[in-house]
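S.K.: Input: one structure, supplied below.
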Amino acid sequence: MSPPLLADCSTAAAADLLDDADVALLPTGATEQHGPHLPLGTDTRAARGVTARLDREDCVVLPPLAVGVSDHHRQFSGTLSVSPETFEAYVRETVESLAAHGLRKVVVVNGHGGNDDALRRVARRLRAAETAFVVPWNWWSNLTDEHEELFGRDHVGHAGAAETSAVSALAPDLVDEKRVGEADAGAGDVWGVHVGGAMVLDDAADFSDNGVVGVPSDGSAEAGERLLDAAVADLDRVCDWLGSRAFASLLPAEHQGR
Ligand SMILES: [Zn+2]
Numbered sequence: 001m002s003p004p005l006l007a008d009c010s011t012a013a014a015a016d017l018l019d020d021a022d023v024a025l026l027p028t029g030a031t032e033q034h035g036p037h038l039p040l041g042t043d044t045r046a047a048r049g050v051t052a053r054l055d056r057e058d059c060v061v062l063p064p065l066a067v068g069v070s071d072h073h074r075q076f077s078g079t080l081s082v083s084p085e086t087f088e089a090y091v092r093e094t095v096e097s098l099a100a101h102g103l104r105k106v107v108v109v110n111g112h113g114g115n116d117d118a119l120r121r122v123a124r125r126l127r128a129a130e131t132a133f134v135v136p137w138n139w140w141s142n143l144t145d146e147h148e149e150l151f152g153r154d155h156v157g158h159a160g161a162a163e164t165s166a167v168s169a170l171a172p173d174l175v176d177e178k179r180v181g182e183a184d185a186g187a188g189d190v191w192g193v194h195v196g197g198a199m200v201l202d203d204a205a206d207f208s209d210n211g212v213v214g215v216p217s218d219g220s221a222e223a224g225e226r227l228l229d230a231a232v233a234d235l236d237r238v239c240d241w242l243g244s245r246a247f248a249s250l251l252p253a254e255h256q257g258r
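Counted the way full-length UniProt numbering counts, the sequence shown spans residues 1 to 258.
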């Protein structure tokens, strides 16, 4: 059964739920272009989809944060973005308010790579303050083998085969099939323009005509089911690891002396 949603609980029900839960799951995503064929909310939908498919009763799902750090997609219509500082503060204060109710172990189920740096900073800061222990986890982070087997390439891209597959599995009505060919035609091959090991240009518009990186037409609902199953199994392992540890054991080590 899916973990319960905090936002669907009354405060009375939440008191029991938060007492019993070992781990909170915070879905984070983005509202940004995903080519001509996928919805702006692809990343948030993927994060929510993975949490909803988890079969655990010791977790509680927090409301998703649907606008992330997406400035590098700003040239494409519909993209919304906040600064890394705003996103970091919003996540941190959300987790601090949760911790005040006694639940201090959180997995951020993230759907958007642009949020990575801010989430890592949040995790370090809350651990150092001994307020909460946060594990930032990207749903695609451990799927390199699946991606290679399914699509013959090991990088996930953007709005490419992996995300097209995930949305095809989670919300098929939101994939504009008529535009998948167009999505392929205007796509870039790799993320960023690279010179001598430096990423010299990093707006999506610098290396992709339509914002896509990868080959969307390689995606399918079947591939999406396989990716999501593997992601859910990964998230289950993360929850096992975090849920089985006492909060105090997760705090930073003492100074080691001279
Ligand atoms: Zn995405």
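A virtual CB, placed ideally from N, CA and C, is assigned to each residue, including glycine. None of the values given here were measured: they were computed from a predicted structure.
Less than 8 Å between the CB atoms is what I'm expecting for HIS158 and TRP191, so what's the real figure, rounded?
M.R.: Position 158 of the sequence shown holds residue 158. Position 191 of the sequence shown holds residue 191. That pair is a contact at about 7 Å.
S.K.: Rounding to the nearest angstrom, what Cα-Cα distance links SER77 and ALA12 in this structure?
M.R.: For the purposes of this step, residue 77 is identified with residue 77 of the sequence shown, where counting begins at 1. For the purposes of this step, residue 12 is identified with residue 12 of the sequence shown, where counting begins at 1. Going by the C-alpha atoms only, they are around 42 Å apart.
S.K.: Would you mind stating whether THR79 and GLU32 have Cβ atoms separated by less than 8 Å?
M.R.: Here residue 79 corresponds to residue number 79 of the sequence shown, with the count starting at 1. Here residue 32 corresponds to residue number 32 of the sequence shown, with the count starting at 1. Yes, the Cβ-Cβ distance between THR79 and GLU32 is below 8 Å.
S.K.: Whole angstroms is fine: what's the gap from PRO27's alpha carbon to ASP203's?
M.R.: The residue labelled residue 27 in the question sits at position 27 within the sequence shown. The residue labelled residue 203 in the question sits at position 203 within the sequence shown. In a straight line, the C-alpha of PRO27 is about 25 Å away from that of ASP203.
S.K.: Span of the alpha helix (DSSP H) holding ALA183?
M.R.: On the sequence shown, position 183 is the one that residue 183 refers to. Taken as a continuous stretch (DSSP letters only), the alpha helix (DSSP H) holding ALA183 covers 180-185.
S.K.: Is the distance from the Cβ of ARG56 to the Cβ of ASP236 below 8 Å?
M.R.: For the purposes of this step, residue 56 is taken as residue 56 along the sequence shown, with counting starting at 1. For the purposes of this step, residue 236 is taken as residue 236 along the sequence shown, with counting starting at 1. Taking 8 Å as the Cβ cut-off, ARG56 and ASP236 qualify as a contacting pair.
S.K.: Please say whether GLY224 and SER141 have beta carbons closer to each other than 8 Å?
M.R.: Within the sequence shown, numbered from 1, the residue matching residue 141 stands at position 141. Within the sequence shown, numbered from 1, the residue matching residue 224 stands at position 224. In this structure, GLY224 does not lie closer than 8 Å to SER141 by Cβ.
S.K.: Who are the Cβ neighbours of SER96 in its own chain at under 8 Å, not counting the five residues just before and after it?
M.R.: The residue you call residue 96 lines up with position 96 of the sequence shown. First, the residue type needs correcting, since residue 96 is Glu and not Ser in the sequence shown. Within the same chain, GLU96 has close Cβ partners LEU126, THR131, ALA132.
S.K.: Can you look up ASN115 in the DSSP assignment and give me helix, strand or coil?
M.R.: As a position in the sequence shown, residue 115 is number 115, starting the count at 1. Reduced to three states, the DSSP call for ASN115 is helix.
S.K.: Taking 7 Å as the cut-off, is the beta-carbon of ALA159 closer than that to any non-hydrogen atom of ligand 1?
M.R.: What you label residue 159 is simply residue 159 of the sequence shown in a count that begins at 1. The answer is yes for ALA159.
S.K.: Which residue marks the beginning of the beta strand (DSSP E) containing THR131, and which one marks its end?
M.R.: Taking the sequence shown and counting its residues from 1, the one referred to as residue 131 is at position 131. Per DSSP, THR131 belongs to no beta strand (DSSP E) and is neither H nor E.
S.K.: Please name the residue, chosen from ARG121, GLU148, ALA89, LEU250, that lies closest to ASP218 on a Cα-to-Cα basis.
M.R.: Mapped onto the sequence shown, residue 218 falls at position 218. It is GLU148.
S.K.: Note down, in chain order, each residue of its chain lying with its Cβ closer than 6 Å to the Cβ of LEU250, except the 5 sequence neighbours on either side.
M.R.: Start at 1 with the first residue of the sequence shown, and residue 250 comes out as number 250. Once the five neighbours on either side are set aside, the close Cβ partners of LEU250 are PHE133.
S.K.: Unbroken beta strand (DSSP E) runs of length 3 or more, entirely within the region 142-209: which are they?
M.R.: Those beta strand (DSSP E) runs which fall completely within the region 142-209 and span 3+ residues are 193-195, 198-201.
S.K.: Quick one: does the C-beta of GLU85 sit closer than 7 Å to a heavy atom of ligand 1?
M.R.: Position 85 of the sequence shown, counting from 1, holds the residue named residue 85. No, ligand 1 has no heavy atom inside 7 Å of this Cβ.
S.K.: Please state whether DSSP places CYS9 in a helix, a strand or coil.
M.R.: Here residue 9 refers to the residue found at position 9 when the sequence shown is read from its first residue. Three-state DSSP puts CYS9 in coil, outside helix and strand.
S.K.: For a test of your reading of the model: does the CB of THR94 fall under 7 Å from any non-hydrogen atom of ligand 1? Yes or no.
M.R.: On the sequence shown, residue 94 is found 94 positions in, with the first residue counted as 1. Every heavy atom of ligand 1 is 7 Å or more from the Cβ of THR94, so no.
S.K.: Excluding the 5 residues flanking ALA128 on each side, which residues of the same chain have their C-beta closer than 8 Å to its C-beta?
M.R.: For the purposes of this step, residue 128 is taken as the residue at position 128 of the sequence shown. Once the five neighbours on either side are set aside, the close Cβ partners of ALA128 are PRO252.
S.K.: If you compare alpha carbons, which of LEU228, ASP184, VAL195, MET199 is closest to ASP209?
M.R.: On the sequence shown, residue 209 is found 209 positions in, with the first residue counted as 1. Closest option to ASP209, Cα to Cα, is ASP184.
S.K.: May I ask which residues mark the beginning and end of the alpha helix (DSSP H) holding ALA89?
M.R.: Locating residue 89 in the sequence shown gives position 89, counting from the first residue. Run containing ALA89: 84-99, per the alpha helix (DSSP H) assignment.
S.K.: Identify, in the order they occur along the chain, each residue of the same chain with its Cβ nearer than 7 Å to the Cβ of ALA171, setting aside the five sequence neighbours on each side.
M.R.: Here residue 171 refers to the residue found at position 171 of the sequence shown. The answer, listed in chain order, is ARG45.
S.K.: Between the Cα of HIS194 and the Cα atoms of ALA246, SER220, ALA230, PHE207, which residue gives the shortest distance?
M.R.: Residue numbering aside, residue 194 sits at position 194 when the sequence shown is read from its first letter. Nearest C-alpha to HIS194: PHE207.
S.K.: Would you mind sorting LEU201 into buried or exposed? The rule is 16 or more other CB atoms within 10 Å of its CB.
M.R.: Translated into positions along the sequence shown, residue 201 becomes position 201. So LEU201 counts as exposed.
S.K.: Over the uninterrupted alpha helix (DSSP H) stretch that includes THR42, give me the two end residues.
M.R.: Indexing the sequence shown from 1 puts residue 42 at position 42. From DSSP, the alpha helix (DSSP H) with THR42 extends over 42-53.
S.K.: Does ALA246 come out as helix, strand or coil in the three-state DSSP assignment?
M.R.: Taking the first residue of the sequence shown as position 1, residue 246 is located at position 246. Three-state DSSP puts ALA246 in coil, outside helix and strand.
S.K.: Rounding to the nearest angstrom, what Cα-Cα distance links LEU65 and PHE247 in this structure?
M.R.: Locating residue 65 in the sequence shown gives position 65, where the first residue counts as 1. Locating residue 247 in the sequence shown gives position 247, where the first residue counts as 1. Cα to Cα, the separation comes out at about 25 Å.
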